[in-house]
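Asker:
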Amino acid sequence: MKRFGIAIIIGSLLIFSGCGSDGVSDERYKELLWIEKGKSDVKMRLKDSSSAEFRDVFFNNNGIPVACGEVNSKNSFGAYSGYQRFIYAGSVLTVLEEDVGDDIEAVWNKYCVKPNLELEKNLANTPNEGTPIVITSDTAKYFVLEKNMKVNNNKNLRSIVTKRVGSSGVTYSKRLYDCKNNTVKYLGTGNSIEAMNKSKEDAKMSPILNGSIAYEIGLIICKNK
């Protein structure tokens, strides 16, 4: 009995000292423990806690330790409602998407989106130019530098110059849109305005893929066509 008790104590010490047999560090162990606490708290807020299914759960710390992820559970009719996002930050807050609706995006961005240090560095090192726009299909930052609403005196042909600042660097692009036929092509692209102007344009126009970056930029330049 004494040997058994000693074995438990030694095992516990190994875990908390970061030298467990599974190789989990002390810091990672604390993160996993926080995630499990988060799951437990979220379960208590569901209509059917026993049916809870979690996916894509991770730990983040933007000044406050949080567990972020998605959970699915059965509703009062016994059917699964579909996955929803959750954020657990201990006594600070616990949020389910069903409780806050569209406001989940703001809370998620504040607590669960990890800062992109390379992107922030590139932003700091690039000139402050253009009008910022949001491209939901890309995590990079975009800026509109120039718009031409009538190319070759044709109101359906429009061009736009954008700057993309991402973790890999800065890219300037000039696109030509046919707003009537929903097609687009690159007039130039490069890591500077000069490189963009010297680059070779695409040979022909191509259909715009719904949901793509070109599609989202097209919504801006082809507005009020």
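When we follow our numbering, the leftmost residue of the sequence shown carries the number 1, and every step to the right adds one. Virtual Cβ for every residue (Gly too), placed ideally from N, Cα, C.
#1: Thinking just about the alpha-carbon of each residue, which of E31, S49, E36 is nearest to the one in N61?
#2: Taking 8 angstroms as the threshold, find out whether the segment 115-123 comes into contact with the segment 131-138 through three or more Cβ pairs.
#3: Kindly confirm or deny that the segment 172-182 and the segment 125-132 touch, where touching means at least three C-beta pairs closer than 8 angstroms.
#4: What is the rounded straight-line gap between the Cα of K43 and the Cα of P115?
#5: Is the beta carbon of A67 less than 9 angstroms from the beta carbon of K110?
#6: Assuming the contact rule is C-beta atoms closer than 8 angstroms, K147 and I217 should be a hit. Round their C-beta distance to whole Å, please.
#7: Specify, as a first and last residue, the run of the alpha helix (DSSP H) that L117 falls within.
#8: Note down the Cα distance separating S21 from S81, rounded to an integer number of angstroms.
#9: Do the CB positions of N181 and M149 come within less than 9 angstroms of each other?
#10: If you check the beta carbons only, do S73 and E97 fall under 9 angstroms apart?
#11: On a Cα-Cα basis, can you pick out the residue from K37, S50, G211, E194 that is closest to F86?
#12: What number of angstroms, rounded off, separates the C-alpha of I193 from the C-alpha of C112?
#13: I need the DSSP call for I217, collapsed to helix, strand or coil.
#14: Going by the DSSP bridge assignment, what does N109 pair with across the sheet?
#15: Excluding five sequence neighbours on each side, which residues of the same chain lie with their C-beta closer than 6 angstroms to the C-beta of F4?
#16: Per DSSP, what kind of secondary structure is S51 in: helix, strand or coil?
#17: Ordered along the chain, which non-local residues of its own chain (more than five positions away) have a Cβ less than 8 angstroms from that of W108?
#18: Where are the beta strand (DSSP E) runs, 3 residues long or more, that stay fully inside the segment 177-215, in chain order?
#19: Please name the residue, chosen from K141, T183, V151, S50, that lies closest to G166 on a Cα-to-Cα basis.
#20: Could you check where the alpha helix (DSSP H) with V71 kicks off and where it finishes?
#21: DSSP three-state call for L93: helix, strand or coil?
Answerer: Taking the structure as given:
#1: E31
#2: no
#3: no
#4: 28 angstroms
#5: no
#6: 10 angstroms between Cβ atoms; not a contact.
#7: 117-125
#8: Model confidence at S21 stands at a pLDDT of 40, short of 50, so the residue's coordinates are unreliable and nothing is read from them.
#9: no
#10: no
#11: K37
#12: 35 angstroms
#13: helix
#14: Partner(s): none; N109 has no beta bridge.
#15: Confidence is the limiting factor: at F4 the pLDDT is only 37, short of 50, which leaves the residue's position unreliable and the question unanswerable from this model.
#16: helix
#17: C68, R85, I87
#18: 183-190
#19: K141
#20: Per DSSP, V71 belongs to no alpha helix (DSSP H); it is in the beta strand (DSSP E), 65-72.
#21: coil
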